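Just so we're on the same page, this note's numbering is the position in the sequence shown counted from 1, plus 24.
We treat Cβ as the ideally placed atom computed from N, Cα and C, and that holds for glycine.
This one's a predicted model, so the numbers in the text were calculated from it and none came from an experiment.
Written out below as structure tokens is the structure these notes cover.
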Amino acid sequence: MQKQSSIIRSIPPFLPKLVRHLVLLGTVSCLPGLRADDGAPEPPLQSVGSLVAQIMAQNPERQFYEAEIDAAKAGVRVARAWNDPEISLDAGHKRVRGDYGALAGEGTAWSVSVTQTFEWPGRISLRKAIANRDVELARLGLDRFNQALSARARELAFGLHAANAKAAAIHEVADRFAALRETFLARDSAGLTPLLETRVIEAAELALQRRATESGLAVQAALIELNQLRGAAPESALRVAAPALEFRPVSAGLGALLAAARENNFDYRMRRVELEQQGYAVRLAKNERYPSVSLSPYYSDAKAGDRETIVGVGVSLPLPLSSGKRGAVQLAEARQRQAETAVLVAQRELEREVVTAARAFETKLAETRRWPSDTVARFRDAAGLADRHYRLGAVPIATYLELQNSYLDAVESILDTQQETLAAGLRLEQLTGLDLNPVEIAP
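Quick look at the structure:
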């Protein structure tokens, strides 16, 4: 009896304390180190919708895409601008000699000219069209980021709820084990059977510690990522109302989903815009084979005995002696063929991902509907009933442990399936660009 009591006392009772810091029933909250700060006031409870809106408004990464749009708009202004005229001024000294070398006169001579380069017709409009496609690509990038950010925020919010619910179940079972250990200490448990049962409870409690640690790390990781998404410090406190999920089947058929994906998917639209932009680049490269013409009105004046004034216009253009322009056309045409292939590959990948996401959502949805809504409650009741009857000696230790583990497994399986269904539904919305409402999140 003394040996058995020393073994039981050597088990540190840290598990119930750890989980109590981890769980707040009905809400999700966490601070660094997975413990609450008693001196700091609790932050207000936020719904999933308000949290998503806050992330969309305060996420610092959105500034990158907004700056990209501003840069593309500046590129449009540069592309449609004419070349600035160039002014040149020459000054010197002029001497005039007669037939026999005698100096006939001398004085100053100077000239001024203004040169303006004129592009070949259609060249500026092509450059402007290419720059406009850069603006469209930048806007598509921002829209794609906003959609992915909203979906990620919703996944993290439900992930917090799932981790909290798992921790609550672990807290409940841990309290049972702690109470059972106190019962063993108070009981006159002489003999081999009580000693072996104590070892079994000890091993189960160690396994439960691992589950509690993983659940606590999941809560902490989700909270840190949410704080980063909303531009807050990683150690900022956050309380999110537990969302209620109502899964709904997708009403649109597979053909309609594929058609919508080809029309609305941001990645596929970006590939198509890049192909269109490359077509303009080919036309621009062909246009640039023709030289630009520079006109230079000039005025010159010289005083060397007599006064000489010249007014005229100069014309200059480059000579196409090298094959650089032809090589630029070939390069642009090769890029266009690459863009065509990229569009074809993107379409195939998009169709594959849409079919995969639709099938995954249907499968996960059917799995969530396989069990009634009170499944977790029934397993919880069975685990509590096993705990009471084990103390009375009516239930063996194996049945007791099996029911406690089954309760935890049921909670984890149901929450994981719901989380996977939510991810598949949100992914399907991202791919198709439709508001399919496959899941309804109510605060």
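* **Paired residues, beta bridge with Val339 - DSSP** => Leu319
Handout entry: Touching by the beta-carbon criterion (3+ pairs, under 8 Å), the segment 154-172 and the segment 87-105
Key = yes
If you draw a straight line from the C-alpha of Asp291 to the C-alpha of Leu75, how long is it? Rounded to whole angstroms, Asp291 to Leu75 spans 26 Å at the Cα level.
- prompt: Using DSSP with H/G/I as helix, E/B as strand and the rest coil, what is Val120?
  reply: strand
*asked:* If contacts are defined as beta-carbon pairs under 8 Å, then Ala186 and Leu374 qualify, I think. What distance do you get, rounded to the angstrom?
replied: Going by Cβ atoms, the distance from Ala186 to Leu374 rounds to 30 Å, so no, they are not a contact pair.
Alpha helix (DSSP H) runs wholly inside the segment 395-466, at least 4 long, in chain order: Within the segment 395-466, the complete alpha helix (DSSP H) segments of 4 residues or longer fall at 399-415, 421-456, listed in chain order.
**Asked** Would DSSP call Ala256 helix, strand or coil?
**Response** coil
Which of the three DSSP states, helix, strand or coil, is assigned to Ser174? helix
Practice prompt. Pair every Cβ in the segment 164-179 with every Cβ in the segment 83-97, then say whether three or more of these pairs are closer than 8 Å.
Written response: Yes, since at least three Cβ pairs between the segment 164-179 and the segment 83-97 fall closer than 8 Å, the two stretches touch.
Who are the near neighbours of Glu471 in its chain, counting only those whose CB is closer than 6 Å to its CB and skipping five residues on each side?
Look at the range of the chain in this structure, 25 to 467, and you will see that residue 471 is not part of it.
Next item on the list: Tell me whether Val243 sits in a helix, a strand or coil according to DSSP, three-state version.
Entry: Helix at Val243.
- request: Within its chain, find whatever has a CB closer than 6 Å to the CB of Ala115; leave out the 5 residues flanking it on each side and keep chain order.
  value: Trp134
Closest by CA to Trp144, which one among Glu259, Ile111, Leu241, Leu341? Leu341
Original post:
Is it buried or exposed for Pro68, if we count other Cβ within 10 angstroms and need 16 for buried?
Top reply: exposed
Using a 10 Å radius around the Cβ and a threshold of 16 neighbouring Cβ atoms, would you call Ser239 buried or exposed? buried
Self-check item: DSSP bridge partner residues for Gln70 (one or two, in chain order)
Solution: Val264
Exercise. Assuming Glu377 contacts Thr441 (C-beta within less than 8 Å), just tell me the rounded distance between them.
Key: Rounded to whole angstroms, the Cβ separation of Glu377 and Thr441 is 21 Å, and the two are not in contact under 8 Å.
Practice prompt. For the beta strand (DSSP E) containing Leu345, list its first residue and its last residue.
Written response: Here Leu345 belongs to no beta strand (DSSP E), and DSSP marks it neither H nor E.
message: Classify Leu460: buried if its beta carbon has 16 or more other beta carbons within 10 angstroms, exposed otherwise.
response: buried
* Taking DSSP as the reference, what is the three-state secondary structure of Val136? -> Correct three-state label for Val136: strand.
query: Apart from the five residues just before and just after Ile421, which ones in its own chain have a Cβ nearer than 6 Å to its Cβ?
result: Glu221, Val224
Practice item. Using the Cα positions of Gly457 and Ala203, report the straight-line distance between them to the nearest angstrom. Key: 53 Å
- Quick one: is Arg394 buried, meaning 16 or more other Cβ sit within 10 Å of its Cβ, or exposed? exposed
For this session: Identify, in the order they occur along the chain, each residue of the same chain with its Cβ nearer than 7 Å to the Cβ of Leu49, setting aside the five sequence neighbours on each side.
Result: With a pLDDT of 31 at Leu49, under the threshold of 50, the modelled position of that residue is not reliable, and the figure given next carries that caveat. Around Leu49: Ala192.
| task | For Arg295, I'd like the list of residues in its chain whose CB is within less than 7 Å of its CB, leaving aside the five on either flank, ordered along the chain. | result | Ala366, Val367, Ala370
_What does the alpha-carbon distance come out to for the pair Ala96 and Ala162?_
If you draw a straight line from the Cα of Ala96 to the Cα of Ala162, it comes to about 7 Å.
Check whether the Cβ atoms of Asn22 and Gly146 lie closer than 8 Å to each other. This structure leaves residue 22 out entirely; the chain is present only between 25 and 467.
_Quick check on DSSP: helix, strand or coil for Glu312?_
coil
* Euclidean distance between Cα positions of Ala305 and Glu386 -> About 44 Å.
| field | Per DSSP, the bridge partner or partners of Thr141 | value | DSSP links Thr141 through a beta bridge to Ser318.
So what's Glu85 in DSSP terms, helix, strand or just coil? Here Glu85 sits in coil by DSSP.
> Of the residues Asn289, Gly348, Glu196, which one's Cα is nearest the Cα of Pro315?
Replying inline: Minimum Cα distance to Pro315 is reached at Gly348.
(request) List the residues that DSSP assigns as beta-bridge partners of Asp158. (result) For Asp158, which the question treats as bridged, DSSP gives no partner whatsoever.
- [ ] Note down the Cα distance separating Arg451 from Gly255, rounded to an integer number of angstroms.
- [x] 24 Å
- [ ] Can you have a look at Phe201 and say buried or exposed, based on whether 16 or more other CB atoms are within 10 angstroms of its CB?
- [x] buried
Any chance the segment 125-140 sits against the segment 323-336, with 3 or more Cβ pairs inside 8 Å? yes
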